[in-house]
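To start, the structure itself, in structure tokens.
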Amino acid sequence: MHRARTALHMVNPMGQQNFGAFLLKKPASKLTTELVAASSVKLYNSAAAEPFLNGSSSNYIDDMYNAWLRDPASVHASWDAYFRNNSYAAPPSLAPVPKNHVPAAQYLGSSLPAVAGGGVAVGGRIDDKLIDDHLAVQAIIRSYQSRGHLVADIDPLGILNAEINPERANLRANEKVTRSYMNFEEADMERVFKLPSTTFIGGKEKFLPLREILGRLEKAYCNKIGVEFMFINSLEQCNWIRERFETPNIMTYTNEEKRLILARLTRATGFEAFLAKKFSSEKRFGLEGCEIMIPAMKEVIDVSTRLGVESIIMGMPHRGRLNVLANVCRKPLHQIFTQFAGLEAADDGSGDVKYHLGTYIERLNRVTNKNIRLAVVANPSHLEAVDPVVQGKTRAEQFYRGDGEGKKVMSILLHGDAAFCGQGVVFETMHLSDLPDYTTHGTIHIVVNNQIGFTTDPRHSRSSPYCTDVARVVNAPIFHVNGDDPEAVMHVCKVAAEWRATFHKDVIIDIVSYRRNGHNEIDEPMFTQPLMYKKIRGTKPALDIYANQLISEGVVTAEEVKSVKDKYEKICEEAFEQAKTETHIKYKDWIDSPWSGFFEGKDPLKVAPTGVIEETLVHIGNRFSSPPPNAAEFVIHKGLLRVLAARKEMLENKTIDWALAEAMAFGSLLKEGIHVRLSGQDVERGTFSHRHHVLHHQTVDKATYRPLCHLYPDQAPYTVCNSSLSEFGVLGFELGYSMTNPNALVCWEAQFGDFNNTAQCIIDQFVSSGQAKWVRQSGLVMLLPHGMEGMGPEHSSARVERFLQMCSDDPDYFPPESDEFAIRQLHDINWIVANCSTPGNYFHLLRRQIALPFRKPLIVLTPKSLLRHPECRSNFSEMTEGTDFQRLIPDALTAENPNQVKRVIFCTGRVYYDLLKARRDRKLDNDIAISRIEQISPFPYDLVKAECAKYPNAELVWAQEEHKNQGCWTYVQPRFDTAINSTRDFR
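Quick note: the UniProt record's numbering has the sequence shown finishing at residue 987, numbered continuously throughout.
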């Protein structure tokens, strides 16, 4: 007990900073040695008391000394002072020699005499070289972990980064380089070194000869897999990766697993060969050169399914898409072959090239015996534009399933190497990966690395060593792998799927391969890459390489390999014959997420009412105008108290402004069970500080109150979320979100209307044309603040002319007039463009998005100055039952004496209030009528015709804020002529 108390006192000497050093200067008695050992255990490693009790504490002092050499601050101040005096001599161990114990002198490479306990004798001094050698081994291990990927054999052609990284050939950390840089000799190769805790190459062994250390590191990091992960700032994650690549013999496969890999590779190769034989002159963007991508995807799906995933949403460019549809999704082959026949569409689809189409399928995963849902999202030739769409669709499915951790729904994105590093939307999408309202809890990215773009090689297409370097900004591990080593690819895919399931973060699989043909099957690649394609012509396909390997291993026979090939070719032939019987293409078979039950049982030409009872408006208005229930504790900004009070006053007067109208539209939909999501830059407050859907506690960080989330006990959820400073990525995300569930109002708001410019690709390729190309409806709402109000012509305009130019209506066609005129127009148009001048009409417009029996994108030019304009108000009577959206608002002031009106001014949006003021100031109320077109497209021919007829003696003119070649003029002018049959002048 006395010794224990003394040792305890030594562990915490209570101010005696140099007590350990003092004891070490005394003769080495048993008690002194134990006290020093106890002290070192506590001061160097508080969890290591057991080795002291077992008598092996001398190794800890050695380790502590080595740690001090690397970083003096890592040990207690008393030990730092002692080591600085150069008085250290390793104390002897007092315990018996453990079984298989390697003395410290040996693992440090020391020739100093060892005492009975296996330590270094007292007085024996470890010189600087021995310490340097020990540290050098640790540095070598870390170098392999950090830089081994630079020299890994990941290129089937052997040309990777030949000029981007010319020092590559000199980096290989073999014995020669190790000796050169670390001053080891041949004799040192057999010396035994202790392995640090940051490596798993020893398995259960803690000591290895240097030659064995180098060999195992070479196998782990410089073989067919190159691993980039040391930039990750989590020790847990780094160790997790180390264990899965360094553990000896971790990459082993049974004969049955090898045969499965071979069968999948055979089907992938056979599909491309069959298409090449049957459709030799067709572009198909085949997968030749990277057929291993198909088994890779199936391995990711197998492992993910085994780990609980039930639904996978995929996005990919055109290369290999048909093969994915056939062999991953198992889409019926005859439907794919029909796409080559040039048949007309049997439904509303205008059609798209076959390698842009998507699909949706539910099937049994035979490997895991679990059901899996697979969806491939349709994508245009803008290769990476689909990335955020997939993420939004994935997030929405997770939301509706209640999958808050992403355990059941996940996304897989496939990329080409040139596009992955070249397209900015990749960066925008990856930066959504960990944002609370946008994360999908980890995406598996698979890069089909052709080592070339169309005709542009890497030295002209990127400034970074790898095409995958963009992933480093989000700490995603990157696994480079040789596409001609199927087992290495499968291992990487297994690890990637497990990583995603464990950490719910992105991960990159870079399959380094090649493109056997040109950019497409008609292109001649020798024009621009003669040397590369000479190499490719002499490279055997991966299937032949792997089949020969398995034959030599005795896993399969040559006859079995041929049998598998012939069986799949027979399947393709039968599907090809079936495709000949098809007469039309059914594009509804290619929808990536069908809305089951949405269209059934509905009148396609009937709109549900959009007005609501006054009681609902009052209730929502009161909640939206009130502070949190615990207002005494929740400190609100004084300015917001004035905002809430102003809202209360409006409610008392039964008039509302823009913010209240929007809140009432959202709230009434939430009451009806419709999920509402509002996303964009600064939408919680609103760019113009008008919305305030999130109230912030002024003294408590992260304490917020969202009034629209607390309207009714059984309401639908309301999501309002500030986005990253992205338009392309976030708009694509919200589009994907809107595609998942038709019974949701999904809105994206631009900070200013012109910000949609940088999302033009999503607008052009998905929003405006998605239904025509892919029979893919969406009710997405785009809110674009617009108004020429002194911020410059480009920053003020949402460029409405661009949206109108993309409307799919004929300016010379006046549809037949009937009671269904308005709804039929909406049914036939590709999207709706509106510019409301009253809050009440905006209220109806938002609610109509859900009331329609179908879904159309809605482009809304929202106001800026009108948000607080005293005349931009609506009465409750404009929103209650029996009211609806007004496509055109006539002039009420001149209605009684229309024959006296000399001029009718048609306009849209905020300019109405400027015209109103000018008419009032000039006292022209009886001479001029001002009519507002609220829904610009589809154009309200019937209402315009009636309005013009009402004023037979008046001049008809159009007024807008913008120049003549901007704004609505070029769209409305020919349609006015059609509406009035060119019987009157319109200018």
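Here a beta-carbon is modelled for each residue, glycine too, at the ideal position from N, C-alpha and C.
{"query": "Quick one: what's got a C-beta closer than 6 Å to Leu866's C-beta in the same chain, skipping five residues either side?", "result": "Cys872, Arg910"}
{"query": "Between the stretch 717 to 729 and the stretch 655 to 665, can you find at least three pairs of beta-carbon atoms closer than 8 Å?", "result": "no"}
{"query": "Nearest by alpha-carbon distance to Gly392: which of Gly315, Lys370, Lys331 is it?", "result": "Gly315"}
{"query": "How would you call Glu615, buried or exposed, if buried means at least 16 neighbouring beta carbons within 10 angstroms?", "result": "exposed"}
{"query": "Give the secondary structure of Gly119 by DSSP, where H, G and I count as helix, E and B as strand, and everything else as coil.", "result": "Because the pLDDT at Gly119 is just 38, under 50, the model does not fix this residue reliably, and the value given afterwards should be weighed accordingly. Here Gly119 sits in coil by DSSP."}
{"query": "Quick check: the stretch 742 to 754 against the stretch 403 to 421, are at least 3 beta-carbon pairs closer than 8 Å?", "result": "no"}
{"query": "Counting only runs of 3+ residues fully inside the stretch 403 to 434, write out the beta strand (DSSP E) ranges in chain order.", "result": "409 to 416"}
{"query": "For Gln237, I'd like the list of residues in its chain whose CB is within less than 7 Å of its CB, leaving aside the five on either flank, ordered along the chain.", "result": "Phe503"}
{"query": "Please name the residue, chosen from Trp969, Glu955, Gln960, that lies closest to Thr983 on a Cα-to-Cα basis.", "result": "Glu955"}
{"query": "If you follow the alpha helix (DSSP H) that Asn841 is in, where does it begin and where does it stop?", "result": "839 to 851"}
{"query": "Using 10 angstroms around the beta-carbon of His441, count the other beta-carbons present and answer buried if the total reaches 16, otherwise exposed.", "result": "buried"}
{"query": "So, helix, strand or coil for Ala834, using DSSP?", "result": "strand"}
{"query": "At the level of alpha carbons, what is the spacing between Gly289 and Leu845?", "result": "52 Å"}
{"query": "Leaving aside the five residues before and after Glu962 along the sequence, list all residues of the same chain whose C-beta is less than 7 Å from its C-beta, in chain order.", "result": "Met788, Ser797"}
{"query": "Taking the C-alpha atoms as reference points, what is the distance between Ala67 and Ala73?", "result": "9 Å"}
{"query": "Pick out whichever of Asn255, His710, Gly611, Pro952 has its Cα sitting closest to the Cα of Ile551.", "result": "Asn255"}
{"query": "Distance check for Pro295 and Phe885, CA to CA, integer angstroms please.", "result": "53 Å"}
{"query": "Report, in whole angstroms, the separation of the C-beta atoms of Ile509 and Ile444, which I expect to be a contact under 8 Å.", "result": "7 Å"}
{"query": "For Pro525, which of helix, strand or coil comes out of DSSP?", "result": "helix"}
{"query": "From Asn365 to Cys329, what does the alpha carbon distance come to, in whole angstroms?", "result": "10 Å"}
{"query": "Considering only residues of the same chain and omitting the five flanking positions on each side of Trp651, which have a CB-CB separation below 7 Å?", "result": "Before going on, a small fix: residue 651 reads as Leu here, not Trp. The answer, listed in chain order, is Val618, Gly621, Asn622, Ser625."}
{"query": "Within the same chain, show all residues whose beta-carbon is closer than 7 Å to that of residue 989, passing over the 5 residues directly before and after it, in chain order.", "result": "Examination of residue 989 is not possible in this model, given that the chain is present from 1 through 987 alone."}
{"query": "Per DSSP, Asn482 is paired with what?", "result": "Val512"}
{"query": "Is DSSP giving Glu727 helix, strand or coil here?", "result": "coil"}
{"query": "Can you find the residues in the same chain that come closer than 6 Å, C-beta to C-beta, to His334, ignoring five residues on each side of it along the sequence?", "result": "Ala575, Gln578, Ala579"}
{"query": "Going by DSSP in three states, Ser982 sits in which element: helix, strand or coil?", "result": "coil"}
{"query": "Who are the Cβ neighbours of Ala152 in its own chain at under 6 Å, not counting the five residues just before and after it?", "result": "Cys222, Gly226"}
{"query": "Would you mind working out which of Pro436, Lys370, Phe193, Arg848 sits nearest His134, comparing C-alpha positions?", "result": "Phe193"}
{"query": "Identify every run of the alpha helix (DSSP H) within the stretch 752 to 781, keeping only runs that are complete inside it and at least 4 residues long; order them along the chain.", "result": "770 to 774"}
{"query": "Are there three or more Cβ pairs, one per stretch, closer than 8 Å when the stretch 467 to 481 is compared with the stretch 492 to 506?", "result": "yes"}
{"query": "For His519, collect the residues of the same chain with a Cβ closer than 6 Å to its Cβ; drop the 5 residues on either side in sequence, then sort them by chain order.", "result": "Phe454"}
{"query": "Leaving out five residues before and five after Val303 in sequence, what residues of the same chain have Cβ atoms less than 6 Å from its Cβ?", "result": "Lys494, Ala497"}
{"query": "Assess contact between the stretch 678 to 686 and the stretch 583 to 599, defined as three or more Cβ pairs (one per stretch) separated by less than 8 Å. Is contact present?", "result": "no"}
{"query": "Does any CB atom of chain B fall closer than 8 Å to the CB of His519?", "result": "In summary, chain B is missing from the structure at hand, where a single protein chain is found."}
{"query": "CA-CA distance, Glu820 and Leu605?", "result": "7 Å"}
{"query": "Could you check which residue in Glu573, Leu804, Ser593 has the C-alpha nearest to that of residue 988?", "result": "Within the shown structure, residues of the chain are numbered from 1 to 987, placing residue 988 beyond reach of any answer."}
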